[in-house]
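As numbered in our numbering, residues 200 to 393 make up the sequence shown, in order. Backbone N, C-alpha and C define an ideal beta-carbon position, used for all residues, glycine too. Quick notes on the structure that follows.
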Amino acid sequence: MMNIAIFASGNGSNFQAIYSAAKNGKLEANISLLVCDKPNAKVVERAKVAGISTFVVSLGDFSNKEEYELVIYEQLLKYEVQFIVLAGYMRLIGSFLLEKFDSKIINIHPSLLPSFPGKDAIGQAIEAKVKVTGVTIHYVDKGMDTGPIIAQKAIEISDGDTEETLAPRIHQVEHDFYPKTLQKLFQQVETNKS
Ligand code: GRF
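In structure tokens form, the structure reads like this:
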């Protein structure tokens, strides 16, 4: 069973989807820890209800990102975390954690990367008037949504779609696609070990 930490900053609907998949055996992973950089985020409440250990930490309490990530790293060691799964974590991962978790940090992004990286990817797609957008799951590197792509799923944009009508369809896909992709990835990792 893969020990994972989920990093999130906000609502946590992807946290919830991963938690549910793990609970009902569709994802063979143990969510050891939620790391959250926003004390009032809804995801903290979700983790509490789910009985998942939570580490809340604010970058502002440290003099630099390396010190912040060192404190997180100590928690990851304590919980024997093997993979970091980002789910709406609104910060770039710094060089310290990237080095410690080389090729073991995964992110989900609501566009077909490399199109529309960064914030408000769904709004960016509407603005650009593209006919197809989607969801990308990728390894994390030091750039903003630039790491090697693991899996993608396309979603059509209809005439008249707005950010409000498109966002729920994207999130619905995310909630199914993220746990499934993680399951495949973790199975591959296990197979390669043996
Ligand atoms: C998702 O759209 C994800 O793709 C992006 O941030 C959003 C997080 O949503 N990285 P939630 O907090 O999981 O509800």
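The Cβ atoms of I349 and L297 do not sit closer than 8 Å to each other. Only residues of its own chain outside the window of five on either side were considered, and among them none has a CB closer than 7 Å to the CB of D358.
In the three-state DSSP reduction, V388 falls in the helix class (H, G or I).
Sequence-distant Cβ neighbours of I321 in its own chain, meaning closer than 7 Å and more than five residues away, are P309, E362, L365, A366 and I369. With respect to the C-alpha of N306, the residue from S294, A249 and I283 having the closest C-alpha is I283.
Setting aside the 5 residues that flank it on each side, S302 is surrounded in the same chain by Y338, each with a C-beta closer than 8 Å to its C-beta; the list follows chain order.
Within the region 299-332, the runs of alpha helix (DSSP H) that reach at least 4 residues and sit entirely inside it are, in chain order, 320-327. Ranked by how close their Cα comes to the Cα of V280, the residues L232, N239, S262 and G250 have L232 in first place. For E273, the uninterrupted alpha helix (DSSP H) run begins and ends at K264 to K277, by DSSP. Rounded to the nearest angstrom, the Cβ distance from Y288 to A220 is 19 Å, too far for a contact under 8 Å. Sequence-distant partners of G346 (beyond 5 residues in either direction) whose C-beta falls short of 6 Å from its own C-beta, in its chain, are H337, Y338, V339 and D340. DSSP, read as helix, strand or coil, puts A240 in coil. For N239, the closest alpha carbon among the candidates N223, L275, S252 and V256 is that of V256. The beta carbons of I205 and A324 sit no closer together than 8 Å.
A327 is classed as exposed because its beta carbon has fewer than 16 other beta carbons within 10 Å across all chains shown.
The beta carbon of A207 sits closer than 7 Å to at least one heavy atom of the ligand GRF.
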